[in-house]
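In the working numbering, each residue's number is its place in the sequence shown (first place is 1) plus 1.
Ideal Cβ placement from N, Cα and C applies to all residues, glycine included.
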Amino acid sequence: MFIRGVGRTKFGVLREQIPQLMYEAILNAKKDAKISVEDIDACIVSNFFGGTIDNQSHLNSLIASLLPGFDKQSIRVESACASGGAAFNLATKLLNNYENVLVVGVEKMTNRDVSTVTDALASAADLRLEQDNGLTYPAAYALIASEYFDKYGVTHEALDRISLKNHENANKNPLAHFYHKKVTLNEIKESPVVCSPLRLFDCSPISDGAAAVILSATKSSERDVEILSSEMAVDTLSITQREDIIKMKATEKASKMAFNKASIKPNDISLAEIHDCFTINELVSLESIGFCKFGKASDLNTSITGEFPVNTDGGLKADGHPIGATGVAQITELVTQLRGEAGDRQVKKRAYGLAHNIGGSGGSAVVTILKGNIYV
Ligand code: COA
Numbered sequence: 002m003f004i005r006g007v008g009r010t011k012f013g014v015l016r017e018q019i020p021q022l023m024y025e026a027i028l029n030a031k032k033d034a035k036i037s038v039e040d041i042d043a044c045i046v047s048n049f050f051g052g053t054i055d056n057q058s059h060l061n062s063l064i065a066s067l068l069p070g071f072d073k074q075s076i077r078v079e080s081a082c083a084s085g086g087a088a089f090n091l092a093t094k095l096l097n098n099y100e101n102v103l104v105v106g107v108e109k110m111t112n113r114d115v116s117t118v119t120d121a122l123a124s125a126a127d128l129r130l131e132q133d134n135g136l137t138y139p140a141a142y143a144l145i146a147s148e149y150f151d152k153y154g155v156t157h158e159a160l161d162r163i164s165l166k167n168h169e170n171a172n173k174n175p176l177a178h179f180y181h182k183k184v185t186l187n188e189i190k191e192s193p194v195v196c197s198p199l200r201l202f203d204c205s206p207i208s209d210g211a212a213a214v215i216l217s218a219t220k221s222s223e224r225d226v227e228i229l230s231s232e233m234a235v236d237t238l239s240i241t242q243r244e245d246i247i248k249m250k251a252t253e254k255a256s257k258m259a260f261n262k263a264s265i266k267p268n269d270i271s272l273a274e275i276h277d278c279f280t281i282n283e284l285v286s287l288e289s290i291g292f293c294k295f296g297k298a299s300d301l302n303t304s305i306t307g308e309f310p311v312n313t314d315g316g317l318k319a320d321g322h323p324i325g326a327t328g329v330a331q332i333t334e335l336v337t338q339l340r341g342e343a344g345d346r347q348v349k350k351r352a353y354g355l356a357h358n359i360g361g362s363g364g365s366a367v368v369t370i371l372k373g374n375i376y377v
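This is the structure we're talking about:
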């Protein structure tokens, strides 16, 4: 299985609505893949709350309007913030039947005020155990951060460094939500508290955007990037039903399966896209995937020039987090890096890339491993 083409829009507060965003991402991926509409056999659209806050569902049918001539199988996938990863994962299964599958992820979030969006996001949490008790996502991850600090003696300084790194990476990514925003460690440390201990610069922003990927069963050119594995697992919807809220079980399971299938180990991975919806999640996810021991992720050197670059595009924190597009955009970044086409933010080692995308507070997780063409 291969990725033949990738494309995306800018992420941020954008004028464009869902159809325009999808169209631009698809057009860019089509151009990159050098493929015509007739050769696309199926399509999967990833979107979280188009039907709820934008009053536009049935996005799988919208594909026929955006791609005149396309009248084949088209499905919409939703798995909260892991919608994009889940759509990509499903596309790998469809390659058993088809030659070329298009995945497009999209979210339009900035049409509504922040409290409406916060409520819509919270719908991905357990209704009775979490939503009814007012547990929004910043609050859920604040609980996770508090538990992590207590258990391992790690301080907020570790989260500040993740935020700074991801913002600096976004400053090298012209499509990132915060491309133009320069921030200092002091601004990060002194930013307003959103839900203690998490501050503004611990949170991913509310972003619009779309990303698209075209997968193929067979290799069509030297620029194609091989898909070694894509695995998905789930855990309880509510964090209140978990034994340990700082060990992400779905992530652990999906990672184990993905590494087994790819026949490689965590220390073979050259770079990773990790689901940093809140800075604390970059740490707990790196540990649950198996990149280091529990409590030790802040010791890893994850800058672009470091031993193990993480979130080279700026991550969800600073590239942005348009929910349905996020997991697909992670794949576009890995492909760009593995091809050696990432310009200012190009990493040195590009043998294998890993993408990690989760829904809610870890109730669903997708881990994908890609192989570059060049071994460095
Ligand atoms: N990080 C850094 N800066 C941010 C930011 C973020 N996450 N969100 C907004 N800003 C900046 C804006 O760019 C703006 O800067 P400016 O004054 O220089 O233009 C300023 O903060 C105010 O922006 P505004 O849109 O009014 O912020 P807000 O207070 O409405 O929203 C949050 C801030 C943190 C509440 C919002 O970003 C949020 O809810 N994030 C979490 C999203 C989420 O839960 N996603 C799902 C994860 S599971």
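Closer than 7 Å: is that where the CB of PRO198 sits relative to any heavy atom of the ligand COA?
no
The ligand COA and LEU287: does any heavy atom of the ligand fall closer than 7 Å to the residue's C-beta?
no
Out of LEU122, TYR149, VAL104 and VAL102, state which residue places its alpha-carbon closest to the alpha-carbon of THR111.
LEU122
Within the continuous beta strand (DSSP E) that includes GLY360, where are the two ends?
353-360
Say whether the segment 292-305 touches the segment 151-170, bearing in mind that this needs 3 or more beta-carbon pairs closer than 8 Å, one atom from each stretch.
yes
Ignore the nearest five residues each way along the sequence and tell me which others in SER304's own chain have a CB closer than 6 Å to its CB.
LYS166
Confirm the yes/no value for this check: CB of ILE145, any heavy atom of the ligand COA, distance under 7 Å.
no
Given 7 Å as the limit, tell me if CYS82 has its C-beta closer than that to any heavy atom belonging to the ligand COA.
It does: the Cβ of CYS82 is within 7 Å (strictly closer) of some heavy atom of the ligand COA.
Tell me which residue opens and which closes the beta strand (DSSP E) that ASN187 is part of.
No beta strand (DSSP E) contains ASN187, which is instead part of the alpha helix (DSSP H) from 186-190.
I need the straight-line Cα distance from VAL377 to HIS357, nearest angstrom please.
Bear in mind that a pLDDT of 45 at VAL377, under 50, signals an unreliable position, so the number given afterwards is only what the model happens to contain. Those two C-alpha atoms are separated by around 23 Å.
Would you identify the three-state DSSP class for VAL377, choosing helix, strand or coil?
Here the model assigns VAL377 a pLDDT of 45, short of 50, so the residue's position is not dependable and the matter cannot be decided.
Is the CB-CB distance between SER164 and THR313 below 8 Å?
no
Going by other Cβ atoms of all chains shown within 10 Å of its Cβ, with 16 needed for buried, is ASN261 buried or exposed?
Burial call: exposed.
Cβ atoms of PHE3 and VAL226: under 8 Å apart, would you say?
Contact: yes.
To the nearest angstrom, report how far apart LYS73 and SER205 are at their CA atoms.
36 Å
Please list the segments of the alpha helix (DSSP H) lying wholly inside the segment 39-68, counting only runs of 4 or more residues, in order along the chain.
51-54 and 60-67
CA-CA distance, ASN268 and LEU355?
11 Å
Is VAL214 buried or exposed, if buried means 16 or more other CB atoms sit within 10 Å of its CB?
buried
Go to GLN132, then tell me how far its beta strand (DSSP E) extends in each direction, as first and last residue.
Per DSSP, GLN132 belongs to no beta strand (DSSP E) and is neither H nor E.
Hey, could you find the ends of the beta strand (DSSP E) PHE3 is sitting in?
PHE3 -> beta strand (DSSP E) spans 3-9.
Who are the Cβ neighbours of LEU28 in its own chain at under 8 Å, not counting the five residues just before and after it?
For LEU28, where only same-chain residues beyond five positions count, the Cβ hits under 8 Å are GLY8.
Note down the Cα distance separating GLU244 from ASP236, rounded to an integer number of angstroms.
11 Å
Determine the direct distance from the alpha carbon of LEU60 to that of GLY328, and round the result to whole angstroms.
17 Å
Closest to THR10 by C-alpha separation, out of GLN338, LEU284 and THR333, would be which residue?
Considering only alpha carbons, the answer is THR333.
Could you tell me which of VAL105, PHE292, GLY307 and LYS109 sits nearest to ALA87, measuring between CA atoms?
VAL105
How many whole angstroms separate the CB atoms of LEU275 and VAL311, which I take to be in contact at a CB cut-off of 8 Å?
Strictly speaking, residue 275 in this sequence is Ile, with Leu absent from that position. Indeed they touch by this definition, with Cβ atoms about 5 Å apart.
Give the range of the alpha helix (DSSP H) segment to which ARG162 is assigned.
157-171
I'd like the list of long-range same chain contacts for SER239, defined as Cβ closer than 6 Å, with 5 residues on each side in sequence excluded.
Once the five neighbours on either side are set aside, the close Cβ partners of SER239 are ASP127, LEU130 and GLU131.
Take ASP33 and list the residues in its own chain whose beta-carbon comes closer than 7 Å to its own, dropping the five residues that flank it on each side.
GLY6, VAL7 and GLY8
Would you call the segment 195-209 and the segment 317-326 in contact, with 3 or more CB pairs under 8 Å?
yes
What first and last residue would you give for the beta strand (DSSP E) that runs through GLY325?
In the DSSP assignment, GLY325 falls outside any beta strand (DSSP E) and within the unbroken alpha helix (DSSP H) covering 324-339.
Does the distance between the C-beta of PHE202 and the nearest non-hydrogen atom of the ligand COA fall short of 7 Å?
yes
Would you say the beta carbon of HIS157 is closer than 7 Å to some non-hydrogen atom of the ligand COA?
no
What does the alpha-carbon distance come out to for the pair GLU108 and PHE309?
Cα-Cα distance, rounded: 30 Å.
Give every residue of the same chain whose Cβ lies closer than 8 Å to the Cβ of MET249, excluding the five residues on either side of it in the sequence, and list them in chain order.
ASP236, VAL285, SER286, SER289, ILE359, GLY363 and ALA366
Please report the Cβ distance between LEU67 and PRO20, rounded to the nearest whole angstrom; I am assuming they are in contact, meaning their Cβ atoms lie under 8 Å.
6 Å
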